[in-house]
Every structure is written in C-alpha cells, then in structure tokens.
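Plus 807 on top of the position in the sequence shown (first one is 1) and you've got my numbering.
Cβ coordinates follow ideal geometry from the N, Cα and C atoms, glycine included.
Only a predicted model underlies this, so the values are computations on that prediction, with no experimental measurement involved.
To start, the structure under review is shown below, and the notes come after it.
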Amino acid sequence: MRVVFMGTPEFSVTALEALAAAGHEIVAVYSQPPRKSGRGLKLRPSPVHQLAQTRGWPIFTPINFHDPADVVAFADHDADIAVVVAYGLILPQALLDMPKQGCLNIHASLLPRWRGAAPIHRAIMAGDQTTGVCIMQMDAGLDTGPVRIRRSLDIGASETTAQLHDRLAVMGSKAVVDVLADLAGHACVPQVEEGLSYATKVDKLEARIDWTRSAVEIDRQIRGLSPFPGAWCMMDDQRLKVLASCLSDGAGVPGQVLQASEIACGDGSVILTTLQQAGKTAQTAEAFFQGHSLPELLE
C-alpha cells in the first residue's frame, strides 16, 4: 500500500520500520519540527525524522495544518492509508478523509481506557495489571474512533514506563502490519463508553515523592515516571531522581533510610534500585551509595 506515516518519538520508529519491512511504500513521513535540545540548544530532528532522512523518504514537518498549502501537499501523496503513531498534532477532518482507506492510529492502551497523551505512564501509576495496544480507525475525536484490532499484555510488577514502552512499541508495530495485510478481515468495532478514562499529559509537578504516601503508591509513581520526567526527592541539599524501585514491608518515619536503599513510607517501604543525581548518569543504588554517605532521612 501507499502509506503516509505520521509520528515523532522513538515509540513511532518501530512501527515505521515494520511497515517498510512488510513491503509497503512509504510515500511521505510527517513529524514534529526539529526542537532545540542539549547544552548547545541546537535544533535536533525527532527520531522519526532522523530515520526518514537515513532511508531517503520525503519528510514534512508542518507546525500545524492551518496553511492550505500543507493540506494540498498532503493530498498530493495520493496515499492508500495514513498510519499515525504519537505524532503530536490534531489532524483536521479534511486530512483524515484524504487517504483512500482513511487514517489508522496505534494507541498504547486498551481503549476506551486511557484515551489521551500518556497512556503508558498512567497505566503504571494507576496500578493497572493489564494494558495493550489498539489499532484505531481515526475520527475527529480524541481517541474515540472504532477499533480494528486490540492486543493485550500483563504489566510486570517491577516494570517501568521505559520497559513497557518498548514492549508495546513492538506489539503495536506487529498489529498494524497485520491490519494492513487484511483490512477487510479486521472490521471496525465501535468503542464502548464503559471503563472510559483519560491519560492526561504528565506534569513535572507530579514528580516529587511524598514519603507520607503508601509504598504501593510511591512505587507506582517511581516506575510510572521512569525515565521521564523521573520521580525525585531531596537527599541533603541535592535533588535525587529515582528511576526504579520495588516494594518492601519495612516501617519507620516517612522518608527514613532503614537499611541500604530501603526507605520508609507512610505505609510499608520501598527499595530504591536505580538512582540518578542531577547532571550524572543513572546508577544502581548499590553503586550510588558506595560513593555517598547515607543520610538519616530523604525529603
């Protein structure tokens, strides 16, 4: 099929590579414009943009689709279908209608649970035991379109957003290839409203750890926000990012360092397993505390 691909982050790259490997013709790639990042604040293309450049696919980076010229350019691709994966722009109905078979979206949740921007983070933070991917036929709503295929997996007890992200990316890429191989055999099924929830974008204000909360809640927060923005606390006068943890049953004053890297919470305790100081690389907690004296309390 003649495919227009629209995506931006690493999650999208896996699907784009899978579509090309399956023999589909990538007639155009759309991604968010390059952003300033790094210490030098240089303009850096997105992961999808970089892959398109490497493979020689035509790349388009409109700020939005308010310019009629961008809409005309999209129509000129004469696509059979568009595949949208974490693109980052709302597509007007005119674009959704242009490809012969419409637009498909790979969404990293079991819709209608976790419609919206951060379904992987929210699933872990909410303590969901199961999640998955849906291949959705897009409409003008926010992740409201009918679903062509859904596949599920269990969330590991110590799994972080980064780990779950990678598994769902692979699952989503395989699912969309299967749908394109047999569109007629994967009919659209309307979403029900039962179980509806919204995965709002993660706010950095959610990242500070409150040790008076239960260990279960804090563990979910740590794993759900890893690697970005990263849950954090204060150790003496330094910010300490916590990237991985597991539950324990210790007791003490909230924030008290019980032993090694076990920290007391409002109910129970958590064992910190991966830590990162500002400006430093991530380390195992064992390696980190070999070079740092343990305080009595984390704040």
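Tell me which residue opens and which closes the alpha helix (DSSP H) that residue i is part of.
{"i": "Ala988", "result": "968-988"}
{"i": "Ile870", "result": "No alpha helix (DSSP H) holds Ile870; DSSP gives it neither H nor E."}
{"i": "Asp1026", "result": "1022-1031"}
{"i": "Glu1093", "result": "1092-1097"}
{"i": "Ser856", "result": "Note that residue 856 corresponds to His in the displayed sequence, not to Ser. Here the alpha helix (DSSP H) through His856 covers 854-862."}
{"i": "His928", "result": "926-932"}
Run the CB neighbour count on residue i, radius 10 Å, all protein chains shown included, and call it buried at 16 or more, exposed below.
{"i": "Lys1087", "result": "exposed"}
{"i": "Asn871", "result": "exposed"}
{"i": "Gln998", "result": "buried"}
{"i": "Pro865", "result": "exposed"}
{"i": "His914", "result": "buried"}
{"i": "Pro1102", "result": "exposed"}
{"i": "Ser844", "result": "exposed"}
{"i": "Gln1045", "result": "exposed"}
{"i": "Phe1035", "result": "exposed"}
{"i": "Thr1081", "result": "buried"}
{"i": "Leu848", "result": "exposed"}
{"i": "Ser838", "result": "buried"}
{"i": "His1099", "result": "exposed"}
{"i": "Ile888", "result": "buried"}
{"i": "Gln860", "result": "exposed"}
{"i": "Gln900", "result": "exposed"}
{"i": "Asp950", "result": "buried"}
{"i": "Arg846", "result": "exposed"}
{"i": "Ala825", "result": "buried"}
{"i": "Asp1043", "result": "exposed"}
{"i": "Asp885", "result": "exposed"}
{"i": "Val810", "result": "buried"}
{"i": "Ile931", "result": "buried"}
Looking only at DSSP bridge pairs, what is residue i linked to?
{"i": "Val810", "result": "Ile833, Ile888"}
{"i": "Met1042", "result": "Gln1045"}
{"i": "Thr937", "result": "Asp961"}
{"i": "Ser1055", "result": "Ser1076"}
{"i": "Thr1081", "result": "Ala1051, Thr1091"}
{"i": "Met945", "result": "BP columns for Met945 are empty, so no partner."}
{"i": "Pro1104", "result": "Looking at the sequence itself, residue 1104 is Leu, so the reference to Pro does not match. Its beta-bridge partners are Gln1063."}
Just verifying my parser: in three-state terms, what is the DSSP assignment at residue i?
{"i": "Lys1087", "result": "coil"}
{"i": "Ser1004", "result": "coil"}
{"i": "Ser844", "result": "strand"}
{"i": "Ala828", "result": "helix"}
{"i": "Val820", "result": "helix"}
{"i": "Ala901", "result": "helix"}
{"i": "Val1064", "result": "strand"}
{"i": "Arg920", "result": "coil"}
{"i": "Val954", "result": "strand"}
{"i": "Leu1012", "result": "helix"}
Between which two residues does the beta strand (DSSP E) carrying residue i extend?
{"i": "Ile1070", "result": "1069-1071"}
{"i": "Cys995", "result": "Careful: Cys995 lies outside any beta strand (DSSP E) and carries neither H nor E."}
{"i": "Lys907", "result": "Unbroken run through Lys907: none, as it is neither H nor E."}
{"i": "Leu850", "result": "849-851"}
At a cut-off of 8 Å, would you count residue i as near the ligand SAH, judging by its Cβ distance to the nearest heavy atom?
{"i": "Leu960", "result": "Of ligands this structure carries none, so the ligand SAH is not represented either."}
For the 8 Å Cβ check, are there 3 or more pairs between the region 964-972 and the region 1045-1055?
Yes, the region 964-972 is in contact with the region 1045-1055.
Three or more C-beta pairs under 8 Å: does that hold for the region 924-933 against the region 986-1006?
Taking 8 Å as the limit for Cβ pairs, the verdict is that the region 986-1006 does touch the region 924-933.
Do the region 933-943 and the region 973-989 touch if we need at least three Cβ pairs shorter than 8 Å?
Here the region 933-943 lies against the region 973-989, with 3 or more beta-carbon pairs under 8 Å apart.
Report yes or no: do three or more beta-carbon pairs, one from the region 821-837 and one from the region 902-911, lie closer than 8 Å?
Judged by Cβ distances under 8 Å, the region 821-837 makes no contact with the region 902-911, as fewer than three pairs qualify.
Can you confirm whether the region 971-978 touches the region 1054-1072 when touching is taken to mean that 3 or more C-beta pairs between the two stretches lie within less than 8 Å?
Judged by Cβ distances under 8 Å, the region 1054-1072 makes no contact with the region 971-978, as fewer than three pairs qualify.
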